[in-house]
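Chains as they are written, first to last, in my numbering: chain A, 4 to 901; chain E, 4 to 901. Glycine is no exception: its CB is placed at the ideal position from the N, C-alpha and C atoms.
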């Protein structure tokens, strides 16, 4: 907002007719006012009217809820122009002008007063309308509508009160519908409405004076700027409080003046597919609110060509003009009054992701816009829907429960509650796995399922991370679900489902739906590929993918990843057989046993690495050494305690000495395991024995991983594959940790190269995922050839907030505006962002050619990508399905800067 | 190290006689060389000798393990001076000069070659010595000692090999002791020693040429600078590798030349009490190593006045001269050879904390030193021992196990394994509570115990924190303990103790001792108070205490705290009755139930606050709102699962329907509790629902706490107590969290003041304990009147390291030098320190008068206190018993800067 005009300055211009308003000044006129001015300017048929500026609204608030001086006079003058243009007079009983009054801020803002129609009606003018239209019923119906609208919106009477009056009146008719009310009955409704207002307003009558009506309606718009809902909305959406709203006052036109009248809404192109053809619907002899109320079913716009051919043709031409004027698809509201077409509003059309892509590309081909504009027109998030199947938005669906949208896509199957059941039942058709939470033990169940649902855990819980990696739809942390796995039932609110019942999972919205709800499959067409290639031309950030297997890498490459930015080696052990070897390694007693277990793991790792290297032939692959707390791979303490108790119970019931002996042995085994697991138990595993701490204490783990990696690299290189491994040491907080691990890696590399008589170029670097690492990045960079910011963990430690445990309050924080967004979804620029910037600067100060990327979930989130571009990172890395989103977001960032 | 001399420069001075060495240049001469030069300089009777400089050592390493050119010639020249001064000649069979060769770097450095005595002996000179002394046995014994010493230290033969030869020889005598060996037997031992060396060295004979002996000994000292132990020691202690060691070569004198000879060590004042009187011991007719070997019991030094009155008197005078020369207590080694007193070494005496205080204060009174020097002379850590009882260092003790020294002090009692037993058994005499780990449930047991031991947990585990607060000795994380609480046994290594057995706990060293080991009680005398008052005059940092109860506050005030810097309100709920109310609050279903539970807690809190306010009359009291994860107050999931299983088991055995009904009810209750606890369970509670997050979700908790606080404040103010409450909001990461909680606190304050018709000045501020809070301190300071750095949590999140779980690897990190010190004990300046500095600067940039303190464990750690002084904080706050330590450390910091 520029300097505010003085509310007492009566010479200030507070009011503009559509015809002479500065159409480009949306801040002054509000969105609606600016749109109407522009259409008027373009010579389109717009009912005449004027706009009271947003400045007037601000002045009104400053002036103690009084109109700024001069405003009312200017409004009356503008109204006189409308009277002249329409040949009617406001309040004239013989030839009355009726008005609509609407609010319109420069940003769309629900919660404010919306619309009052038919303003100007009273006992006198209603008669005039009846006479002019020859339709008494129409006139009284309009009056009835006006009183209830004005009564509710301006005078604050509850809408329900009016509805009850109307319902009683309708009950007295034969048909029981609005249209069954006779003029006399409507007259009676009007009388009752007025009494109702009088009673509710404690003796203040419904205003009969049109001028008073207008004054009150304008004040009501201004007042609604400061109602609770509007204030809350502004706070949540960071909209300043002092930009105010405009008020548009416009001559009414009527679509319900007979069968040569009508009203409709149309898009200049299909908002769902992007096809270049008018798309929309209309109703003959109806007002806009009839369409909304759903009493009559509107007809497709194409049929208007038969019903009202002239008006249709004129609309078609105008629509084309509007689209080319604005250079984008328009969403146009129109009314035909006795054959004459009037435009009430035009705005840029909302559209599906698919439509956005098609329209953008086709408009470039049509020469309407340039490529940069086309790229800007498609929101990166919109692409996400294109890459996954979706629940048909038009389908009827019963929501069982809602959780976090942890991994996008829609799928359906029969309910199972254990991973073993999932595996068994999947042979008979699709299943959906529902668990309290998942662990590596559930991997085989997840593989067998179409989707996974958990009652616990956040966006980065085990289920969420693994599901995203696999492209499996997932809803996490659906806390309303009451799962009784043993009993095989699932309850939520009033619903109870049993194992085998069908459910549909909508991973994009976090909904779990009852039964089989239709879904739509994704399609990646030429338009998509074209747009992506333009994005690649523009962007400066590299885009890599996080992928843990050859299959992931395949997907990543399909979606255009330029390398693997994060290969999590621990994910390679989630399979059942591997998990067993991993457990043997963790529970090993001493270095010897551990090395034996590691020898079993080595060929498995080598095989995985080789598959990824082959897929990514010619591109870099960043492999992170083992990171997570070891006990993630062990059965939980609770389960083990339970098991010991179960065995005790069985012992009491043992029928024979043999059985007892066997049980006693079981009990010993279980107790021994329990003791070991208990020993490894950590209060806060996220802050415990993980990352490079493992490798420092057990260098044999690092050696095994390095050996598997370099052996795979040599093997692939022998086959002519161009391998570019980058070894990444996780969770470094002190430079010497990296120095130690880097030297182990380099030693093993030299060993393997000597053995194989081969040499492969590689880098050694580190994750920067702890505040201390970012702060001491200059020291760390002495030992690192690249950095990759692990913004998930960095967010955790910077905020002191666990991703898994934040669910209980983080949503409340977002709702109350304490944080702008969930910092695990959108990078927190102020705190975490400062560490990313500091880490990058200090790292490069010590090593100017340091390669710097990011591999947290933020790498695929557009606002975060913009930040990484700004900081000057070399690349972002995200899950394979987010790669196109990141490519487009990176292009947007580059365009934004240009 | 200044520029290094060229190893080939034969004109460079590599060797200095004691008499003309630059006595002040410790870097050049090493500590020992400088000391001997200084004593010689002062005209004291020092056996003549010379020092080969540290530069020569460095040059030797650079020169490919060759003496720098000219060094040997200079050494021979210096040796000639020694020959002249003693009237003996090196290698002369008739009148042989024997030498000692010692290493001596400028810093004390274990792990290097120490001493070779009697150098210069061979078959010829041994005969000369025998002739001169008329004591053949003495001569051959000296030769025997020389060979084993030289053989081991210079030639690398295992000491054990020599000992075995000697043992065999002794076995052949009647008495079986060294002294029972005849000259002939010793001669045979010498012959065997030489054969041993010849065999071990694969044909290299033991050198007979004295000159060769000297050359080899000097080289051995130089080489030992780079042995593994020395390198490791330097790395751990951050000693540069290139400062080198000096070598002192000195004429031997013999304390074992009959009953007018002797040797001893004495302190110029009592190193244990500080009393101004010679303290030490001596042996007639003995060499230093005899004292060490413990074969004969030395006599108190005072008795020397009778045995050798002249030598004693001369020594007394010299001791006084030395003390006043150095201005500090000296630790002097001397030898009397046939009535002549020789000084071998003097150095500043190590002393107990009590002695340090007494000596410092008395030396100021004597006019020897000024107050600043006196303050510098006492290490803050030394005070810690003064404030707690200690295990008598001279007592025999069997160590059962060693854990972390979690809370200082020594205590003993009978073993108990549960808190209920502790309470019950304490009536029959002192008990020591041993647990796997403690929880708030154990509070009553801790109160009843003399000391507490845990097998798990770190320096800041529940047991450790609570014990420190209570001044209760505690050893935490004694991982070797195998506790079978049900069986009532405690095993560690070969020991098995049962409930009721006596143990002694040494909280200062972390040792658990078997049985009742004598302890010493602390004494705070006038000297202590005097020194503290000098510290207070000097220091700029304020010193407050962390105290949670009136009793804690009492202790804090006794120790000189200037306020309470941290009152942890959750600790107030550790008592059993209170815990129950707390649990009701946590498990409350909805706001109504929660408020009912809070109403029960309110009077308890008010009472606690009032007690603290009264004790701290006139001083500020910082009260932190509820901070820890709620489930810390709940029974553990494991325990509950166990309980459910137990009930199931009991059900199987139920004897009657009535019993079964009761058990079924129990099972329902237990399961319901289990469900609720499970719901509150967090993966990483340290990063979960705690701190201000609680208050934001349940503002009624904040309101209750604020009400209790302000009601207590008003009540105390009415009684004329000067109350200065400071309300502290914990775990803020986003400024709006503080804004919200501060406004709740201020609202309640206004309410209470209105109700009570009273007004109390108070501040609202916040803990800065998360990296994001430090980084956005300017935003947070807009809502905070003070900051208090919670460096425990800040260290946790900056390093991504849980205090409780770090034990498994942090000690390894410290040992391997990856970190300089445990960052939970000594503040990490580079990472955490930068955040403290940044937070302070940004906070004050927004609010110049912001009061800034620190309330983590670091507030009582001297090196950390120095840093906080440097950053310019207003105060530190630490546990009551650390207050004197912090006061002195703050004085040191101020002196250091001056």
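For this session: State yes or no: is the beta carbon of residue 10 of chain E nearer than 8 angstroms to at least one beta carbon in chain A?
Result: If you number the second chain from 1, residue 10 of chain E lands on position 7. Residue 10 of chain E does not count as touching chain A.
Exercise. If you drop the 5 nearest sequence neighbours on each side, which residues of the same chain put their C-beta closer than 7 angstroms to that of residue 894 of chain E?
Worked result: Against the second chain, residue 894 of chain E aligns to sequence position 891. The residues 378, 538, 541, 542, in chain order, have a CB closer than 7 angstroms to that of residue 894 of chain E in the same chain once the five nearest residues on each side in sequence are set aside.
Problem set entry | Exposure of residue 230 of chain E, with buried meaning 16 or more beta-carbon neighbours within 10 Å | Numbered from 1 along the second chain, position 227 holds the residue referred to as residue 230 of chain E. Counting of Cβ neighbours within 10 angstroms places residue 230 of chain E among the exposed residues, the total staying below 16.
Exercise. What residues in the region 678-689 of chain A bring their beta carbon closer than 7 angstroms to a beta carbon of chain E?
Worked result: Correct list: 685, 686, 687, 688, 689.
Exercise. When the distance is taken between beta carbons, is residue 305 of chain E closer than 8 angstroms to residue 332 of chain E?
Worked result: Within the second chain, numbered from 1, the residue matching residue 332 of chain E stands at position 329. Within the second chain, numbered from 1, the residue matching residue 305 of chain E stands at position 302. No. Outside cutoff.
Problem set entry | Continuous beta strand (DSSP E) stretch holding residue 548 of chain E: start and end | If you number the second chain from 1, residue 548 of chain E lands on position 545. Note, residue 548 of chain E: beta strand (DSSP E), 545-549.
Exercise. Per DSSP, which one or two residues make a beta bridge with residue 509 of chain A?
Worked result: Along the first chain, read from residue 1 onward, the residue named residue 509 of chain A stands at position 506. Its beta-bridge partners are A:413, A:514.
Problem set entry | Continuous beta strand (DSSP E) stretch holding residue 262 of chain A: start and end | Along the first chain, one-based indexing puts residue 262 of chain A at 259. Taken as a continuous stretch (DSSP letters only), residue 262 of chain A belongs to no beta strand (DSSP E), as it is neither H nor E.
Problem set entry | Cutoff 8 angstroms: residue 880 of chain E Cβ touching any chain A Cβ | Locating residue 880 of chain E in the second chain gives position 877, where the first residue counts as 1. No, residue 880 of chain E does not count as interfacial toward chain A.
Exercise. What are the boundary residues of the alpha helix (DSSP H) that includes residue 615 of chain A?
Worked result: Along the first chain, read from residue 1 onward, the residue named residue 615 of chain A stands at position 612. Note, residue 615 of chain A: alpha helix (DSSP H), 593-618.
For this session: Pick out whichever of E:144, E:216, E:214 has its Cα sitting closest to the Cα of residue 186 of chain E.
Result: Your numbering for residue 186 of chain E matches position 183 in the second chain. Minimum Cα-Cα distance from residue 186 of chain E among the listed residues E:144, E:216, E:214 corresponds to E:144.
For this session: Can you give me the Cβ contacts of residue 835 of chain A inside the same chain, cut-off strictly under 6 angstroms, excluding the 5 residues immediately before and after it?
Result: Within the first chain, residue 835 of chain A is the residue found at index 832, counting from 1. In its chain, beyond the 5 residues on either side, 797, 798, 801 have a beta carbon closer than 6 angstroms to the beta carbon of residue 835 of chain A.
For this session: Could you check the C-alpha separation between residue 745 of chain A and residue 550 of chain A for me, to the nearest Å?
Result: Residue numbering aside, residue 745 of chain A sits at position 742 when the first chain is read from its first letter. Residue numbering aside, residue 550 of chain A sits at position 547 when the first chain is read from its first letter. If I take the Cα positions, the gap works out to 23 angstroms.
Problem set entry | When A:176, A:172, A:223 are compared against residue 70 of chain A, the one with the closest alpha-carbon | In the first chain, the residue the question calls residue 70 of chain A occupies position 67. Shortest Cα-Cα distance from residue 70 of chain A to any of A:176, A:172, A:223 involves A:223.
For this session: Could you name the residues that DSSP lists as bridge partners for residue 287 of chain E?
Result: Looking up residue 287 of chain E in the second chain gives position 284. Bridge partners of residue 287 of chain E according to DSSP: E:265.
For this session: For residue 802 of chain E, decide whether its Cβ has a neighbour in chain A, counting only Cβ atoms nearer than 8 angstroms.
Result: Here residue 802 of chain E refers to the residue found at position 799 of the second chain. Yes, contact with chain A.
Exercise. Would you say residue 277 of chain A faces chain E, with C-beta separation under 8 angstroms as the test?
Worked result: As a working mapping, residue 277 of chain A is identified with position 274 in the first chain. The beta carbon of residue 277 of chain A sits no closer than 8 angstroms to any beta carbon of chain E.
Problem set entry | Whole-angstrom distance between residue 837 of chain A and residue 9 of chain A, CA atom to CA atom | Walking along the first chain from the start, residue 9 of chain A turns up at place 6. Walking along the first chain from the start, residue 837 of chain A turns up at place 834. One alpha carbon belongs to residue 9 of chain A, the other to residue 837 of chain A, and they sit about 41 angstroms apart.
Exercise. So which of A:517, A:488, A:336 has the shortest CA-CA distance to residue 394 of chain A?
Worked result: Within the first chain, the letter at position 391 stands for residue 394 of chain A. It is A:517.
Exercise. In terms of DSSP beta bridges, what is residue 339 of chain E paired with?
Worked result: For the purposes of this step, residue 339 of chain E is taken as residue 336 along the second chain, with counting starting at 1. E:265, E:344.
Exercise. With C-beta atoms as the reference, is residue 735 of chain E less than 8 angstroms away from residue 705 of chain E?
Worked result: Counting from 1 along the second chain, the entry for residue 735 of chain E is found at position 732. Counting from 1 along the second chain, the entry for residue 705 of chain E is found at position 702. Cβ distance not < 8 angstroms, so residue 735 of chain E and residue 705 of chain E don't count as in contact.
For this session: Could you tell me the boundaries of the alpha helix (DSSP H) in which residue 254 of chain E lies?
Result: Residue numbering aside, residue 254 of chain E sits at position 251 when the second chain is read from its first letter. Note, residue 254 of chain E: premise wrong, no alpha helix (DSSP H); beta strand (DSSP E) at 248-254.
Exercise. Shorter than 8 angstroms from the beta carbon of residue 774 of chain E to some beta carbon of chain A?
Worked result: As a first step, residue 774 of chain E is located in the second chain; it is residue number 771 there, counting from the start. Output row for residue 774 of chain E: interface = yes.
Exercise. Between the C-alpha atoms of residue 569 of chain E and residue 858 of chain E, what's the straight-line distance to the nearest angstrom?
Worked result: Along the second chain, one-based indexing puts residue 569 of chain E at 566. Along the second chain, one-based indexing puts residue 858 of chain E at 855. The alpha-carbon atoms of residue 569 of chain E and residue 858 of chain E are separated by roughly 6 angstroms.
Problem set entry | Where residue 395 of chain A falls: helix, strand or coil (DSSP) | For this step, residue 395 of chain A is matched to residue 392 along the first chain. It is coil, neither helix nor strand.
Exercise. Which residues in chain A sit within 8 angstroms of residue 951 of chain E, going by Cβ to Cβ distance?
Worked result: Lying outside 4 to 901, the shown extent of chain E, residue 951 of chain E is not represented and no answer is given.
Exercise. Counting Cβ pairs, one atom from each stretch, are 3 or more of them under 8 angstroms apart for the region 449-463 of chain A and the region 478-489 of chain A?
Worked result: The answer is yes - the region 478-489 of chain A touches the region 449-463 of chain A, with three or more Cβ pairs under 8 angstroms.
Exercise. Should residue 345 of chain A go down as buried or exposed, given a rule of 16 or more other Cβ atoms within 10 Å for buried?
Worked result: What you label residue 345 of chain A is simply residue 342 of the first chain in a count that begins at 1. Per the 10 Å Cβ criterion, buried.
Exercise. How long is the line joining the alpha carbons of residue 14 of chain E and residue 362 of chain E, rounded to whole angstroms?
Worked result: Looking up residue 14 of chain E in the second chain gives position 11. Looking up residue 362 of chain E in the second chain gives position 359. Annotation: residue 14 of chain E to residue 362 of chain E spans about 46 angstroms, alpha carbon to alpha carbon.
Exercise. By DSSP, does residue 792 of chain A sit in helix, in strand, or in coil?
Worked result: Numbered from 1 along the first chain, position 789 holds the residue referred to as residue 792 of chain A. Here residue 792 of chain A carries a strand assignment [DSSP, helix/strand/coil].
For this session: Look up residue 695 of chain A in the DSSP assignment and say whether it is helix, strand or coil.
Result: For the purposes of this step, residue 695 of chain A is identified with residue 692 of the first chain, where counting begins at 1. Reduced to three states, the DSSP call for residue 695 of chain A is helix.
For this session: Flag residue 299 of chain E as yes if its beta-carbon sits less than 8 angstroms from any beta-carbon of chain A, otherwise no.
Result: The count along the second chain starts at 1 and reaches residue 299 of chain E at position 296. Chain A has no Cβ within less than 8 angstroms of the Cβ of residue 299 of chain E.
Problem set entry | Through-space distance from residue 572 of chain A to residue 629 of chain A, alpha-carbon basis | The count along the first chain starts at 1 and reaches residue 629 of chain A at position 626. The count along the first chain starts at 1 and reaches residue 572 of chain A at position 569. Residue 629 of chain A and residue 572 of chain A have their C-alpha atoms roughly 6 angstroms apart.
For this session: Check whether the Cβ of residue 815 of chain E lies closer than 8 angstroms to any Cβ atom in chain A.
Result: As a working note, residue 815 of chain E is residue 812 in the second chain. Answer yes: the Cβ-Cβ gap between residue 815 of chain E and chain A drops below 8 angstroms somewhere.
Exercise. First and last residue of the alpha helix (DSSP H) that includes residue 842 of chain E?
Worked result: What you label residue 842 of chain E is simply residue 839 of the second chain in a count that begins at 1. That run of the alpha helix (DSSP H) goes 837-849.
Exercise. Can at least three beta-carbon pairs, one atom from the region 404-418 of chain E and one from the region 510-530 of chain E, be found at a separation below 8 angstroms?
Worked result: Under the three-pair Cβ rule at 8 angstroms, the region 404-418 of chain E counts as touching the region 510-530 of chain E.
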